[in-house]
Amino acid sequence: MAKRKTVAGILQMKQSGEKITMLTAYDAAMAAMLDAADVDVLLVGDSLGMVVLGYDSTVPVTMDEMIHHASAVRRGAPNAFVVGDMPFGSYQSGTRDAILNGARFLKEAGCDAVKLEGGFEVCETVTALVQAGISVVGHIGLTPQTATQLGGYKVQGRDIESARKMIEEARALEKAGAFALVLECIPDELGKIISEEITIPTIGIGAGVHCDGQVLVTHDLLGMFDKFIPSFVKSYCTLAPAIKDAIHQYNSEVRSGEYPDEAHSFSGQSNLRELLVKT
Ligand code: KIV
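Below is the structure:
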């Protein structure tokens, strides 16, 4: 059984130029498969809201929902390095709430670290969490929890001023104590510069090949979520049509009486009715 990764081990991967793989997980079965396939870090993302819970955005996701799913991920992958995503409203009101909610991910769900979105405005919170013993992954660029303020789900840091600000925010988050940084939807040149400017690993999603690692929503990678597919997503297979085909076949076999056949039934006494009458 592979040993569980550590924060130090993840930092070391950047030093040695070993790319980090991160994927989202929301349940025990998928977590077990990802861990068995040797994914370095499992992220219980608040994308849970859109991918699994049917919300229109990540904003409605609650702490209780995140804890419920993060606990399942931990049960499915007892040895994985698991990061719990702090949902909207769980850390914006102040460091005390952030610590209480961050601690829930560690105590109740067995997570190894938490992730939160934002730049300068969350640096104090990041430091407070780290001082409380909670390891933190930052997240800048396109931050879905505040996408409406950013003008929607679009590429960030295209102009010089916003690129400069993002580089400064990356430096500030590293200084605040974050041990890794998700960079979402930014030009690849900016992803490269940020990755070179900081010593903690960058994990890109739509941020180009120069990041120290990559993260994707697993349902996107597997072609299971077709409501909205960002252009940076590479689907390595298309499970949605395969799943629909299988269900159609099941429906038709149940309706025709083809399923369950003998091979999928338990045989007993063929004269059971007779025996029931007699005894
Ligand atoms: O919620 C999520 O899945 C994320 C990743 C896409 C980085 O934040």
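In the numbering used here, the protein residues as written are 8 to 286.
Glycine included, every Cβ here is placed at the ideal spot set by N, Cα and C.
As the structure is a computational prediction, the values presented were derived from the model and not from experiment.
- Closer than 8 Å to some heavy atom of the ligand KIV: that describes the Cβ of residue 222.
- Listed as beta-bridge partners of residue 209 by DSSP are 188.
- Only residues of its own chain outside the window of five on either side were considered, and among them 34, 35 have a CB closer than 6 Å to the CB of residue 79, listed in chain order.
- Sequence-distant partners of residue 137 (beyond 5 residues in either direction) whose C-beta falls short of 7 Å from its own C-beta, in its chain, are 143, 184.
- In the three-state reduction of the DSSP assignment, residue 91 falls in the strand class.
- The C-beta separation of residue 176 from residue 126 comes to about 3 Å, placing the pair in contact by the 8 Å criterion.
- DSSP, read as helix, strand or coil, puts residue 217 in coil.
- Note that the C-beta distance between residue 220 and residue 198 is not below 9 Å.
- Residue 52 has its CB nearer than 8 Å to a heavy atom of the ligand KIV.
- Taking the CA atoms as reference points, residue 37 sits about 10 Å from residue 49.
- Taking residue 165 as the centre and dropping the five residues before and after it, the same chain places the C-beta of 194 closer than 7 Å to its C-beta, in chain order.
- Runs of beta strand (DSSP E) with 3 or more residues, each lying fully within the region 21-104, are found at 27-31, 48-51, 88-92, listed in chain order.
- Residue pairing by DSSP puts residue 147 in a beta bridge opposite 190.
- Take residue 225, set aside five residues on each side of it, and the residues of its chain with a beta-carbon closer than 6 Å to its own are 30, 31, in chain order.
- Residue 87 has its alpha-carbon roughly 13 Å from the corresponding atom of residue 116.
- In the DSSP assignment, residue 179 falls within the unbroken alpha helix (DSSP H) covering 167-183.
- When secondary structure is reduced to three states using DSSP, residue 107 falls in the helix class.
- At least 9 Å separates the beta-carbon of residue 73 from that of residue 232.
- In the structure shown, residue 282 adopts helical secondary structure according to DSSP, grouped into three states.
- Residue 261 sits exposed, since fewer than 16 C-beta atoms from the chains shown fall within 10 Å of its C-beta.
- Per DSSP, the beta bridge partners of residue 121 are 91, 143.
- Under DSSP, residue 246 takes part in no beta bridge, so it has no partner.
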